[in-house]
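Residue numbers (our numbering): 46 to 203.
This is the structure in structure tokens:
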């Protein structure tokens with residue numbers, strides 16, 4: 046796909062569809078190949094299945110980056126929350142990460158604020174999530190809120 050041979054890439058991936066369907070990131074690669082072959086509707090369907098099958102937040106993030114490569118940033122941000130069966134928290138964090146990268150800190154902060162109550166301090170991803178939330182608040186110039194979000198983490202270090 047990166048060598049501008051999307052048609053060949055899609056054919057190879059389709060010929061190995063059982064392996065592709067078992068591995069969400071490979072499914073995302075197929076989505077890129079479809080999108081680059083002017084088959085955006087099929088690509089969106091494949092991306093949706095890939096996100097739904099992702100087993101970790103890292104896989105969701107990788108697939109989202111593939112979506113950006115194939116569909117563009119705005120289409121990806123619009124499509125991610127509508128992904129069926131996906132982990133809503135992972136999707137929100139990934140979408141916020143894309144928004145932060147695009148300089149849309151206020152949108153990212155709002156998105157993370159909406160799901161913050163779903164992340165318990167005992168969650169292994171709590172510190173990463175709260176760090177991203179504080180960064181979004183800081184970049185959107187809400188310094189007091191950013192400090193408030195970081196306070197529990199500081200308390201844990203004391």
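The C-beta atom is built at its ideal place from N, Cα and C for all residues, glycine as well.
Here the structure is a predicted model, which means the values were calculated and not measured.
Terminal residues of the continuous alpha helix (DSSP H) containing residue i?
i, result
"residue 119", "118-124"
"residue 86", "85-98"
"residue 163", "Segment: none, residue 163 is in no alpha helix (DSSP H) and carries neither H nor E."
In angstroms, rounded to a whole number, what distance separates the CA positions of residue i and residue j?
i, j, result
"residue 92", "residue 84", "12 Å"
"residue 113", "residue 199", "35 Å"
"residue 158", "residue 51", "38 Å"
"residue 187", "residue 62", "47 Å"
"residue 58", "residue 86", "17 Å"
"residue 176", "residue 193", "11 Å"
"residue 160", "residue 94", "23 Å"
Hey, would you say residue i sits closer than 9 Å to residue j, going by beta carbons?
i, j, result
"residue 174", "residue 134", "yes"
"residue 96", "residue 80", "no"
"residue 74", "residue 65", "yes"
"residue 253", "residue 172", "Only positions 46 to 203 of the chain appear in this structure, which leaves residue 253 out of reach."
"residue 122", "residue 143", "yes"
"residue 153", "residue 185", "yes"
"residue 77", "residue 111", "yes"
My guess is that residue i and residue j are in contact by the Cβ rule of under 8 Å, so how many angstroms apart are they, rounded?
i, j, result
"residue 156", "residue 179", "With 8 Å as the limit, residue 156 and residue 179 do not qualify as a contact, their Cβ atoms being about 14 Å apart."
"residue 69", "residue 98", "4 Å"
"residue 139", "residue 106", "5 Å"
"residue 197", "residue 169", "So it is not a contact: roughly 15 Å between Cβ atoms."
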